[in-house]
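Okay, structure first, notes after.
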Amino acid sequence: MLSCSPELFIEFNVDKQIKTRPIKGTMPRYENKEQDLLSKQTLKNSKKDQAENVMIVDLLRNDLSIYANTGSVKTTKLFEIESFNQVHHMVSEITATLKNDINPMQMLLTALPGGSITGAPKIRAMQIIEELEGAPRGAYCGTLGYFNFDGTGRWNILIRSFQQYQNQLSIWAGGGITIASEAEAEYQESLDKISAMLNLMNSTAE
58 MLSCSPELFI EFNVDKQIKT RPIKGTMPRY ENKEQDLLSK QTLKNSKKDQ AENVMIVDLL
118 RNDLSIYANT GSVKTTKLFE IESFNQVHHM VSEITATLKN DINPMQMLLT ALPGGSITGA
178 PKIRAMQIIE ELEGAPRGAY CGTLGYFNFD GTGRWNILIR SFQQYQNQLS IWAGGGITIA
238 SEAEAEYQES LDKISAMLNL MNSTAE
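Numbering (the working numbering), first residue to last: 58 to 263.
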């Protein structure tokens, strides 16, 4: 497994502080600076992406509140645009303080899958995914990370990742579908997301 995921699922810090950084909203990068800036600005002003992003923020705030001290859940960043080599992403950030009796590993396992993967309502979305998808996802959309001996740690959302099993190498990409989605745009977004990994595979094959 090799993961290049830009999305933080849960970060466990000292003094029971936790953080999650959901990604919802993507636009491609361009070599032309003006075109790239326009793409970034289009994402920043997109009401569709803001609506999807805030839906996930609300879902994750609710998820964290189960494990967090009352009043400690804060949205510290909302709709920030972060630029990577191939895409611009809309990113928000939520922090909280874990209750003293909550074990970090216990929280990690029960919080899966991430809200940015399922959307809302979470349980019904998971039921629909199980009904519609004909094959298991494997590691895709799970999490990969580590814990230190002091309970701190960092876990991602397993997107932009390679998985090798025997002689088969798999990569995945996807996006959230809403009533406002356009099929061609969602498909192109998936290609944009994995373009770096596809380029890497092509260069290795050569």
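Heads up, the beta-carbon is just placed ideally off N, CA and C, and yes, glycines get one too.
Three or more beta-carbon pairs separated by less than 8 angstroms are not found between the segment 111–121 and the segment 197–213, which leaves the two stretches without contact. Comparing alpha carbon positions, the residue from Glu109, Leu95 and Leu121 closest to alanine 177 is Glu109. The residues Gln143, in chain order, have a CB closer than 7 angstroms to that of serine 252 in the same chain once the five nearest residues on each side in sequence are set aside. Look at the beta carbons and you see the segment 184–193 not touching the segment 130–145: under three pairs across the two are nearer than 8 angstroms.
Rounded to whole angstroms, the Cβ separation of methionine 84 and lysine 97 is 7 angstroms, and the two are in contact under 8 angstroms. Taking aspartate 93 as reference, the option from Met258, Gly195, Glu139 and Arg78 with the minimal CA-CA separation is Glu139. Judged by DSSP secondary structure, proline 63 falls outside any beta strand (DSSP E); it is assigned neither H nor E.
Looking at the DSSP output, isoleucine 75 bridges to Phe69 and Ala153.
When DSSP reads this structure, leucine 59 sits in a beta bridge with Phe219.
Taking 7 angstroms as the cut-off, the beta carbon of alanine 125 is found no closer than this to the beta carbon of threonine 99.
Inter-segment contact for the segment 165–182 and the segment 75–89 is present: three or more beta-carbon pairs are separated by less than 8 angstroms. Considering only Asn259, Gln221, Leu226 and Gly202, the residue with the shortest C-alpha distance to proline 63 is Gly202.
When C-alpha distances from leucine 59 are compared across Leu215, Phe204 and Gly195, the shortest belongs to Leu215. Residue burial annotation: methionine 162 is exposed, with fewer than 16 other C-beta atoms found within 10 angstroms of its C-beta. For the set Ile151, Thr127 and Leu166, the Cα lying nearest the Cα of threonine 133 is the one of Ile151.
Here the alpha carbons of threonine 261 and isoleucine 234 stand approximately 33 angstroms from one another.
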